[in-house]
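S.K.: This note's numbering applies: residue 25 is where the first sequence begins, and numbers increase by one.
The structure under discussion is supplied below as structure tokens; questions concerning it will follow.
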Amino acid sequence: MSHPVDEYQRRLAKLNQLKEQGQDPFGHHSCARTHSIAQLHSDFAQLEGQVVSVAGRIVALREHGKSTFADLQDASATVQIYAQLDVLGEDDYTHFQDLDLGDIIVVEGELFQTRSDEVTVRCAAFLLLAKALRPLPEKFHGLQDQELRYRQRYVDLLANEQVRELFRARSRIIQAARDYLSQRDFLEVETPMLQPLYGGAAARPFTTYHNTLQMQLYMRIAPELYLKRLIVGGYERVFEMGRVFRNEGIDTRHNPEYTLLEVYEAYADYEDMMTLTEGLVGAMCQAVHGALKFTYQGHEINLTPPWQRISLLEAIREYGGVDLSGIESAEAAREQAVAAGLERQTLEGQSLGYVIDKLADRFVQPQLIQPTFITDYPVEISPLAKRKPDNAQLTERFEPFIGGIEIGNAFSELNDPLDQRERFEAQAAARAAGDEEAHPLDEDFIRALEYGMPPTGGLGLGIDRLVMLLTDQPNLREVIFFPLLRPSDE
RNA sequence: GGGCCGUUAGCUCAGUCGGUAGAGCAUCGGACUUUUAAUCCGAGGGUCGCAGGUUCGAUCCCUGCACGGCCCA
């Protein structure tokens, strides 16, 4: 080799050499596995001395001249393979030595223990099932570069066991939520992701186009308005867990597409939704911690019900030191907010409810480490929630917070079609005034309410954020397999 | 959108008060039949993110850009 050859070229040459010898690693191979690798360990007492067949990726190679050790990894575990010249014969042993880190093989041989008690397969035969043309990341540190980890999650996963485990935890958490609801007779349903009109949240949508129908469509920002139509239709307990799409910024707690759980229960109200939230989030926590306690970024968090309940205005007074009692105009609230340290510019022209919400975001939310329900949100920022019986300016709504993070939103659903129309009209006015997150008016949804919707409690939970909390991750992107990134140059 | 930080070998990271760079792992060659972050001997591998500027000379200083991270909006 007069010229330096890079690793990819080296491996490609090996692949071509194999093909010339009549072997195609990517061809059809029967790879009858007798056991998962985890079974070799768990059932070693029974399997010792027997011939087993396991398959996986080579993640380590230790060559000793006339014998070679390899570590083979499948989805369940890792096991050591021992290849010996006098067992395999010269040709096969040479082929074994030609294997590279990352190659995927199937190995057959007797199971034994080395003198240091390592469970090991004595390789009697092996077959290359897939050639890895690219080298693995560094074996001890794995792949650390955050950008690469997200862009090439497959490498992150194959190199970092803790990342594989993290996403298994995500799956268990989601399964726990489904089980919890199914056991309580909630029906899992599916509603449109492509919608002619979007609604159910304050957010800007992604827009798309249907060619044949020649119409603009929106990716849903929430399933809410469809799920409530199903309550009108007579189902009493429904839920949907699925992706929603919001055309807004990306940060440690926002990804443009994320997984939202929405639950609706007829003949229930927002207080029932608090109880449901406590039970549901508790079950999700149990699924990964086996208890109602966990640690998030150094904070001990206890999910034992009942969670703290405090109204939005009380919370602002208690946690933020801003007393808005008696304040009725947006201007007066804005002055208070600016005095407290909010930027005037962001509050200009906004409603009283908006100012209150911003005060809470800034001064209250970060302090809500233990699970807390903030209740009684202003009606102008809650266009789908029922008003409080004793105060028409507030709604029967709450947001749950854990670890300083908002994890959901819930209310007694507004079922008065006449009030709903007025709310939509107020939203239209807000939109005309420049609020791009205001709801468009959905005539068909009002018509559905006009057929009569029973009193209903509704709950939305941000699944990614809950997973982030329950797995102690500081960044939402850590719990989304393929977070959205700008394309790189390469 | 703003501020701060990062981008050096395939990977993990050092480093150069401005004189074109190092380690470990990985790779290649040699030794080694119970090792396991194997060990020992030897070797190759870099447009130091991209583009300009300052300078005799830039990976290092300056400006812009790209991508990412953290914080703020």
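Cβ atoms here follow ideal geometry from the backbone N, Cα and C, with glycine treated the same way.
Mind checking which residues open and close the beta strand (DSSP E) that includes V256?
M.R.: In the first sequence, the residue the question calls residue 256 occupies position 232. Looking at the DSSP string, V256 is not in any beta strand (DSSP E); the run it does join, the alpha helix (DSSP H), is E248 to V256.
S.K.: Below 6 Å CB to CB, which residues in the same chain sit around V256 once its five sequence neighbours on both sides are set aside?
M.R.: Counting from 1 along the first sequence, the entry for residue 256 is found at position 232. Correct list, in chain order: A472, Y475 and M477.
S.K.: Closest to Q104 by CA distance: which of G365, E87 and A225 is it?
M.R.: Residue 104 sits at position 80 when you count from the first residue of the first sequence. Considering only alpha carbons, the answer is E87.
S.K.: Of the choices L494, G303 and N439, whose alpha-carbon is the least far from that of Q207?
M.R.: Sequence index remark: in the first sequence, residue 207 carries index 183 (1-based). Among L494, G303 and N439, the Cα nearest to that of Q207 belongs to G303.
S.K.: Which same chain residues, not among the five before or five after S26, have their C-beta less than 6 Å away from its C-beta?
M.R.: Taking the first residue of the first sequence as 1, we reach residue 26 at position 2. Summary for S26: the model assigns pLDDT 29, below 50, so the residue's position carries little reliability; its value from the coordinates is reported in the next sentence. Excluding positions up to five away in sequence, the list is empty.
S.K.: Roughly how many whole angstroms lie between the Cα atoms of A153 and L123?
M.R.: Mapped onto the first sequence, residue 153 falls at position 129. Mapped onto the first sequence, residue 123 falls at position 99. The identity of residue 153 in the sequence shown is Leu, whereas the question assumes Ala. One C-alpha to the other measures close to 11 Å.
S.K.: Out of V187, F150, A156 and L157, point me to the one whose CA is closest to L167's CA.
M.R.: One-based indexing of the first sequence puts residue 167 at position 143. Cα-wise, what sits closest to L167 is V187.
S.K.: Give the range of the beta strand (DSSP E) segment to which P424 is assigned.
M.R.: As a first step, residue 424 is located in the first sequence; it is residue number 400 there, counting from the start. That run of the beta strand (DSSP E) goes R421 to I426.
S.K.: If you draw a straight line from the C-alpha of R34 to the C-alpha of L181, how long is it?
M.R.: Counting from 1 along the first sequence, the entry for residue 34 is found at position 10. Counting from 1 along the first sequence, the entry for residue 181 is found at position 157. C-alpha separation (whole angstroms): 24 Å.
S.K.: Leaving out five residues on either side along the sequence, give the residues of the same chain with a beta carbon under 8 Å from the beta carbon of P390.
M.R.: To locate residue 390, count along the first sequence from 1; it is residue 366. Cβ neighbours of P390 beyond the five flanking positions: G428.
S.K.: What does the Cβ neighbour count give for E44, buried or exposed, with the cut at 16 atoms within 10 Å?
M.R.: Residue 44 sits at position 20 when you count from the first residue of the first sequence. E44 comes out exposed.
S.K.: Tell me P413's beta-bridge partners as DSSP assigns them.
M.R.: Sequence index remark: in the first sequence, residue 413 carries index 389 (1-based). Note: P413 sits in no beta bridge, so no partner.
S.K.: Between R81 and P247, what straight-line distance do the alpha-carbon atoms span, to the nearest angstrom?
M.R.: Walking along the first sequence from the start, residue 81 turns up at place 57. Walking along the first sequence from the start, residue 247 turns up at place 223. Taking the straight line from one Cα to the other gives about 41 Å.
S.K.: Return the bridge partner residues of K5 from the DSSP annotation.
M.R.: In the structure displayed, the chain extends from 25 to 514; residue 5 sits before or after that span and is not available.
S.K.: Take A434 as the anchor and find which of Y294, D203, E134 and H53 has the nearest alpha-carbon.
M.R.: Your numbering for residue 434 matches position 410 in the first sequence. Ranking Y294, D203, E134 and H53 by Cα distance to A434 puts Y294 first.
S.K.: Restricting to Cα atoms, I'd like to know which of R510, P49 and A37 is closest to P280.
M.R.: The residue labelled residue 280 in the question sits at position 256 within the first sequence. Here the closest residue by C-alpha is R510.
S.K.: Using only alpha-carbon positions, find the residue among R270, H278, E286 and R244 that is nearest to F263.
M.R.: Looking up residue 263 in the first sequence gives position 239. Measuring from the Cα of F263, the nearest candidate turns out to be E286.
S.K.: Straight-line CA distance for M217 to I504?
M.R.: Residue numbering aside, residue 217 sits at position 193 when the first sequence is read from its first letter. Residue numbering aside, residue 504 sits at position 480 when the first sequence is read from its first letter. The alpha-carbon atoms of M217 and I504 are separated by roughly 19 Å.
S.K.: Kindly give me the distance between the Cβ atoms of L249 and Y288, rounded to whole angstroms, as I take these residues to be in contact under 8 Å.
M.R.: Residue mapping note: residue 249 aligns to position 225 of the first sequence, counting from 1. Residue mapping note: residue 288 aligns to position 264 of the first sequence, counting from 1. With a Cβ gap of about 11 Å, L249 and Y288 do not count as contacting.
S.K.: What is the rounded straight-line gap between the Cα of F230 and the Cα of Q240?
M.R.: Residue 230 sits at position 206 when you count from the first residue of the first sequence. Residue 240 sits at position 216 when you count from the first residue of the first sequence. Distance between the alpha carbons of F230 and Q240: 11 Å.
S.K.: For D466, I'd like the list of residues in its chain whose CB is within less than 8 Å of its CB, leaving aside the five on either flank, ordered along the chain.
M.R.: By 1-based counting over the first sequence, the position of residue 466 is 442. L221, G223, L249 and F448.
S.K.: Should P498 go down as buried or exposed, given a rule of 16 or more other Cβ atoms within 10 Å for buried?
M.R.: Translated into positions along the first sequence, residue 498 becomes position 474. So P498 ends up on the exposed side.
S.K.: Express the C-alpha separation of A84 and G322 in angstroms, rounding to a whole number.
M.R.: For this step, residue 322 is matched to residue 298 along the first sequence. For this step, residue 84 is matched to residue 60 along the first sequence. Cα-Cα distance, rounded: 35 Å.
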